[in-house]
Amino acid sequence: MHRDNNALPAEIKRAGRIFRILKSRYTNNETALIHKTPLDLLIATILSAQCTDKRVNIVTETLFKKYHTADDYANADSHQFEKEIRSTGFYRMKSKHIIRACKKIISDFHGKVPSTMEELLSLPGVGRKTANVILSNYFKVTEGIVVDTHVKRVSKRLNFSIHSDPEKIERDLMSLFPKNNWIAIGNIFVLHGRYVCKSRKPLCDDCLIAAECPSRLIK
DNA sequence: CTCCCGATAT
DNA sequence: ATATCAGGAG
């Protein structure tokens, strides 16, 4: 019985090299905490599902001026709220989830966003990815690496994982990087995937780790 | 697995 | 026209 996720020392060294370069490149986390409260971050993250951050930012900019507490969302008129978040897509489902989640936050968590994985997952509309964003960005703890589409694409192009199953990719990444880097990995890969290692037109000419990348576009 | 769903880049 | 975007629920 052999394990295929046991990283070799050379692979771990290469991963560390790439991590250090990307970390220096993305020192100031541009997208990180523009959100003052965990609740703002929770709402923004739920709205982010299958939607570009540009759209979410436009919507939340006005949304957060009107809604401040879990109570505000819990008592919101669902029809009105749907209109307010409409442009982020899946608006009916997101509206329902947010209002129900906030009702649960009030009844079960004293009106405050919970800080454990299990409690976060109990909220409607909050899955593992959303929960991990809250945990890693606000509460600074993590139980793994969030494998979203950016992490998935970057990991594949850099040959950190040959798999497409997010759980297998996560295991590969966890064997390549030390646990104290796991929080940063998600943020850094997302930023790199968004601005440089893009799905459609990757900017390999501007990529600091092109030399380490087997998928780079050769001019 | 399907459905939810609008906006944007190509 | 179409692929894709900080996913999650049933």
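Heads up: the first sequence is residues 107 to 325, going by the numbering used here. Where a beta carbon is used, it is the ideal one built from N, C-alpha and C, also for glycine.
| Item | Value |
| --- | --- |
| For my contact list, residue 308 and residue 244 are in at a C-beta cut-off of 8 Å; report their separation, rounded to the angstrom. | In fact, because the Cβ distance is near 30 Å, the residues do not count as touching under 8 Å. |
| Between the stretch 276-284 and the stretch 112-127, do at least 3 Cβ pairs fall closer than 8 Å? | yes |
| Have a look at 270, 254, 272 and flag the residue whose alpha-carbon is nearest the alpha-carbon of residue 298. | 254 |
| So, at 7 Å on beta carbons, what are the nonlocal neighbours of residue 366 in its own chain, with the 5 sequence-adjacent residues on each side left out? | Any question about residue 366 goes unanswered here, given that the chain covers just 107 to 325. |
| By Cβ distance, which residues of its chain are closer than 6 Å to residue 239, with the 5 residues on each side in sequence left out? | 151 |
| Looking only at its own chain, which residues have a Cβ that is under 7 Å from the Cβ of residue 161, when we skip the five neighbours before and after it? | 193, 194 |
| When the distance is taken between beta carbons, is residue 250 closer than 8 Å to residue 276? | yes |
| Please go through the same chain and pick out, in chain order, the residues whose beta-carbon is closer than 7 Å to the beta-carbon of residue 316, but skip the five residues on each side of it. | 310, 322 |
| Please return the same chain residues whose Cβ sits closer than 8 Å to the Cβ of residue 201, not counting the five positions on each side in sequence. | 184, 187, 188, 191 |
| Apart from the five residues on each side of it in sequence, which residues of its chain come closer than 8 Å, Cβ to Cβ, to residue 267? | 261, 274, 275, 278, 279 |
| Residue 180 to residue 127, Cα distance in whole Å? | 44 Å |
| Could you spell out where the alpha helix (DSSP H) holding residue 176 opens and where it closes? | 176-180 |
| What's the C-alpha gap between residue 205 and residue 182? | 7 Å |
| Taking the alpha helix (DSSP H) that residue 115 falls in, what are its first and last residues? | 115-131 |
| Check residue 171 in the structure and name its three-state DSSP category. | helix |
| Excluding the 5 residues flanking residue 147 on each side, which residues of the same chain have their C-beta closer than 7 Å to its C-beta? | 141, 240, 243, 244 |
| Could you tell me whether the Cβ atoms of residue 257 and residue 296 are closer together than 8 Å? | yes |
| Taking buried to mean at least 16 other C-beta atoms within 10 Å of its own C-beta, is residue 213 buried or exposed? | exposed |
| Per DSSP, what kind of secondary structure is residue 137 in: helix, strand or coil? | Low local confidence applies: a pLDDT of 47 at residue 137 is under 50, so the model's placement there is unreliable, and no value is given. |
| Taking the alpha carbon of residue 155 as the point to measure from, which residue in 203, 319, 177, 116 has its own alpha carbon closest? | 203 |
| Can you find the residues in the same chain that come closer than 8 Å, C-beta to C-beta, to residue 269, ignoring five residues on each side of it along the sequence? | 275, 278 |
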